[in-house]
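Undergrad:
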Amino acid sequence: MKRITKPYEYNGYRGLSAIANAHQIPLGTLKGRVRRGLSIAEAICHRDLREFNTGEAVYEWRGEKGIRAIAKKAGVSQMAIFSHLKHGKDLDQAIESILKTKAKVIKNKKAPDVQEKHLGIKRPDMMSATWRLALGVLA
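Count the sequence shown with the numbering used here and you get residues 303 to 441, in order.
Okay, structure coming up:
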């Protein structure tokens, strides 16, 4: 099968792997950037091109910044918070809902049954007649 596109060339290097090696960029990073529509010159730059990574916490709750710190302070998982936020709740509603659900689960949880301590039969006359006959005990 014939190749339809020509291999990438930049500063005398031919092919994405050669360009990536020459500019010390992981090949996967370079391929991803080219797939997103960046030119080779833009793709080999050494700056952070992630769109949503501003380095500042987006969420703040009771003095804690960032979902990880908020989840730790509230005693809930990060994934639970993210799930509630994804469904359109704000941070306070999400944490309130999670804590309400946790309280309901704890309330509905049954206490383990405490069994009475069975001491066993101390005297042969306390056994049933069938057991006395089976064990050969005369009473």
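Glycine is no exception: its CB is placed at the ideal position from the N, C-alpha and C atoms.
Pull up the distance between the alpha-carbon of Ile397 and that of Ala376, whole angstroms please.
TA: When rounded, the distance between both Cα atoms is 7 Å.
Undergrad: Can you give me the C-alpha to C-alpha distance between Thr403 and Gln380, rounded to a whole angstrom?
TA: Roughly 15 Å between the two C-alpha positions.
Undergrad: My understanding is that Ile383 touches Ile369, with C-beta atoms under 8 Å, so please give their C-beta distance in whole angstroms.
TA: 6 Å between Cβ atoms; contact.
Undergrad: Locate the alpha helix (DSSP H) running through His325, then write down its first and last residues.
TA: Run containing His325: none; DSSP gives neither H nor E here.
Undergrad: Considering Val439, what are the terminal residues of the alpha helix (DSSP H) in which it resides?
TA: Val439 -> no alpha helix (DSSP H), and no H or E assigned at all.
Undergrad: Excluding the 5 residues flanking Pro328 on each side, which residues of the same chain have their C-beta closer than 8 Å to its C-beta?
TA: Once the five neighbours on either side are set aside, the close Cβ partners of Pro328 are Ala322.
Undergrad: Which partner residues of Trp363 appear in the DSSP bridge assignment?
TA: According to DSSP, which records beta bridges pairwise, Trp363 is partnered with Glu366.
Undergrad: Where Glu358 and Ser399 are concerned, what is the direct C-alpha to C-alpha distance, given to the nearest angstrom?
TA: Going by the C-alpha atoms only, they are around 26 Å apart.
Undergrad: Using alpha carbons as the reference points, say which of Leu421, Arg434, Asn313 lies closest to Ile342.
TA: Closest by alpha carbon: Asn313.
Undergrad: Per DSSP, Asp310 forms a beta bridge with which residues?
TA: Reading off the sequence, residue 310 comes out as Tyr, not Asp. None; Tyr310 has no bridge partner.
Undergrad: List the DSSP bridge partners of Arg316.
TA: Glu311.
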